[in-house]
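Undergrad: Sequential numbering of the sequence shown, starting at 140, is according to the numbering used here.
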Amino acid sequence: MQTVNVNLKDRAYDIVVGQNILKSLGRKLKTLDVGQNVVVVTHPIIKKYHGKALSQGLKEHGYTVKFIEVPSGEESKSAEVAFDVIGKIVSYSANKNLTILAFGGGVVGDLAGFIAATYRRGVPYIQVPTTFLAQVDSAIGGKTAIDLPVGKNLIGVFYQPKAVWSDVCALTTLDKRQIKNGLAEAIKYGVICDRSLFQYIETNYKKLLGLDPKALTEVIVSCSRIKAKIVMTDELETKNVRTILNFGHTVGHAIESANKYKNYHHGEAVALGMRAANHIAIKLGLLKKSQAQRINALLSCVGLPEKIKYVTLPQIMHHMLHDKKFKGKKNKFVLATDIGSVKVVESVDNRVIRSAIRGVKQST
Ligand SMILES: NC(=O)c1ccc[n+]([C@@H]2O[C@H](COP(=O)([O-])OP(=O)(O)OC[C@H]3O[C@@H](n4cnc5c(N)ncnc54)[C@H](O)[C@@H]3O)[C@@H](O)[C@H]2O)c1
Ligand SMILES: [Zn+2]
């Protein structure tokens, strides 16, 4: 078991990473100021594979456990589902002695976190991430949200969990595409600030794809450290520090939204966005071609997409220019200057962006 502390004073918490640790969560909860009535928000498939290990461990420590299942998929990050879950929580626990557990990937994490933040003006919650992407990224940092029909993550709040409990063994039931999805974010961390993490993934990507628990733990702990550090410096994303986590996301989000979140998983779109950002960085003289090729080669090795399909260049540009973050403002790109360092660049010429996207559409 390895622990990374997110030191946010009265909102400080531990990220714990280990093998077969679901059953030990009860012991951890005993050390925290959380309620006895545990509500586990999850998907049916996760309950089926891992529910027993989690609930037995909690019950052994005197907690009562109630599972509330929501369907898999982004559609569950909606006001309807949030209100439905809250209704079930109300009828389960009229008293206040409540703890919410987000037991799933980023969808459950964002949804359950949002419910925890708003129900009774905030109840304690624990992130128990079960996807690689959630363990390296979304479960850490306290961003919670639900979607509106007009856009993703439009209703949300920063609300830190009391702990993040990452069991690498929970990843064994995940499909391979989801591992690649998480690897995109892990590679992102390497490029933005940790050259040795990047090198580790280069050397060990086969082990990671083969779900080697030691290799997974190494990467999850490294990513957790990086995200913790960034969140500790810029908890509410007001200091332009958290921004660097958006490497690959400017174009990545535009691809996802132009494609109506259909064909690409988040990490896959981000991988294409990283390739586009590398084109821009070369064009602006910030990044050597050889370094860009090395990043792109690793994305290819892990099996992330190389070419933008399904959406046209005008569609991507339209969605990027209408991104809520840029409306009426200058565009902003996180660009690599080397493997392990990035620069935030504003007002990139649209012609340079177009040419970069065209480059990724045509790459082989
Ligand atoms: N809050 C943040 O900081 C943050 C950061 C990045 C992404 N996100 C959000 O995260 C979401 C995407 O999260 P995701 O990629 O984890 O996808 P997800 O939560 O939809 O999970 C992917 C799929 O894997 C299944 N699954 C989960 N764990 C499993 C397991 N152990 N075994 C078998 N199947 C399992 C789920 O049922 C689902 O079908 C998006 O909504 C995105 O907006 C949030
Ligand atoms: Zn992301």
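All residues carry an ideal CB built from backbone N, CA and C; glycine is no exception. In this text, all values refer to a predicted model and were calculated from it rather than measured experimentally.
Who does A302 pair with in a DSSP beta bridge?
TA: Beta-bridge pairing links A302 to D153 and I265.
Undergrad: Comparing the CB of D462 with every heavy atom of ligand 2, is any distance shorter than 7 Å?
TA: No; taking the cut-off as 7 Å, the Cβ of D462 has no heavy atom of ligand 2 nearer than that.
Undergrad: Is E407 near ligand 1, in the sense that its beta carbon is under 7 Å from a heavy atom of that ligand?
TA: Checking every heavy atom of ligand 1 against the Cβ of E407, none is found closer than 7 Å.
Undergrad: Quick one: grab the DSSP three-state call for A278.
TA: DSSP places A278 in coil when its eight states are reduced to three.
Undergrad: Sort D462, Q454, G387 and P453 by Cα distance to A475 and report the nearest one.
TA: The shortest C-alpha separation from A475 is found at G387.
Undergrad: Could you give the first and the last residue of the continuous alpha helix (DSSP H) run that contains E485?
TA: No alpha helix (DSSP H) holds E485; the beta strand (DSSP E) holding it covers S480 to E485.
Undergrad: Take the Cβ of Q317 as the centre, count every other Cβ of all protein chains shown within 10 Å, and call the residue buried at 16 or more, exposed below.
TA: The residue in question, Q317, is buried, as its Cβ has 16 or more Cβ neighbours within 10 Å.
Undergrad: Are I478 and V380 closer than 8 Å when you measure CB to CB?
TA: No. Outside cutoff.
Undergrad: Mind checking S429: buried by the 16 CB within 10 Å criterion, or exposed?
TA: Classification of S429: exposed, given that the 10 Å Cβ count is below 16.
Undergrad: In this structure, does DSSP put D223 in helix, strand or coil?
TA: Correct three-state label for D223: helix.
Undergrad: So for N320, helix, strand or coil by DSSP?
TA: N320 falls in the helix class under three-state DSSP.
Undergrad: Start and end of the alpha helix (DSSP H) containing G349?
TA: No alpha helix (DSSP H) contains G349, which DSSP labels as neither H nor E.
Undergrad: Would Y344 pass as an interface residue toward chain B - the criterion being a Cβ-Cβ separation below 8 Å?
TA: Protein chain content of the structure displayed is limited to a single chain, and chain B is not contained in it.
Undergrad: How far does the alpha helix (DSSP H) with K435 in it reach, from first residue to last?
TA: At residue 435 the sequence reads Asn, which differs from the Lys that was named. Looking at the DSSP string, the run of the alpha helix (DSSP H) that includes N435 is K428 to C440.
Undergrad: Taking the alpha carbon of N236 as the point to measure from, which residue in Y264, A408 and Q195 has its own alpha carbon closest?
TA: Of the listed residues, the one whose Cα sits closest to N236 is Y264.
Undergrad: According to DSSP, I160 sits in a beta bridge with which residue or residues?
TA: According to DSSP, I160 bridges with nothing at all.
Undergrad: Flag Q158 as yes when its Cβ comes closer than 7 Å to any non-hydrogen atom of ligand 1, and as no otherwise.
TA: No, since every heavy atom of ligand 1 falls outside the 7 Å radius drawn around the Cβ of Q158.
Undergrad: Using the C-alpha atoms, what's the distance from H189 back to E376?
TA: So the two alpha carbons sit approximately 34 Å from each other.
Undergrad: Ignore the nearest five residues each way along the sequence and tell me which others in A420's own chain have a CB closer than 8 Å to its CB.
TA: For A420, where only same-chain residues beyond five positions count, the Cβ hits under 8 Å are L426, A431, L474, A475 and T476.
Undergrad: Got a sec, what are the start and stop residues for the alpha helix (DSSP H) Q195 sits in?
TA: That run of the alpha helix (DSSP H) goes P183 to E199.
Undergrad: Taking DSSP as the reference, what is the three-state secondary structure of G212?
TA: G212: coil per DSSP, three-state reduction.
Undergrad: Quick check: is any heavy atom of ligand 2 less than 7 Å from the C-beta of H457?
TA: Flag unset: Cβ of H457 not near ligand 2.
Undergrad: Could you round the C-beta distance between A273 and G248 to whole angstroms and report it? I think they count as a contact, below 8 Å.
TA: Contact flag correct, Cβ pair sits at about 5 Å.
Undergrad: Which term fits G212, buried or exposed, when burial requires 16 or more other beta carbons within 10 angstroms of its beta carbon?
TA: Result: exposed.
Undergrad: At a cut-off of 7 Å, would you count Y188 as near ligand 1, judging by its Cβ distance to the nearest heavy atom?
TA: At least one heavy atom of ligand 1 is nearer than 7 Å to the Cβ of Y188, so yes.
Undergrad: Which word fits D286, buried or exposed, when buried means at least 16 other C-beta atoms lie within 10 angstroms of its C-beta?
TA: Classification for D286: buried.
Undergrad: Can you determine whether any heavy atom of ligand 1 sits closer than 7 Å to the C-beta of L313, and answer yes or no?
TA: Yes, Cβ of L313 sits closer than 7 Å to a heavy atom of ligand 1.
Undergrad: Closest to G261 by C-alpha separation, out of P268, G281 and E341, would be which residue?
TA: Checked all of P268, G281 and E341; the closest Cα to G261 is G281.
Undergrad: So, using beta-carbon positions, are Q175 and Y202 closer together than 8 Å?
TA: In this structure, Y202 lies closer than 8 Å to Q175 by Cβ.
Undergrad: Since I believe F337 is in contact with V296 (beta carbons under 8 Å), could you give me their beta-carbon distance rounded to a whole number of angstroms?
TA: Contact flag wrong, Cβ pair sits at about 33 Å.
Undergrad: With H, G and I counted as helix, E and B as strand and the rest as coil, what does DSSP make of V491?
TA: Looking at V491 - three-state DSSP - the assignment turns out to be helix.
Undergrad: Taking DSSP as the reference, what is the three-state secondary structure of Q454?
TA: Note: Q454 maps to helix in three-state DSSP.
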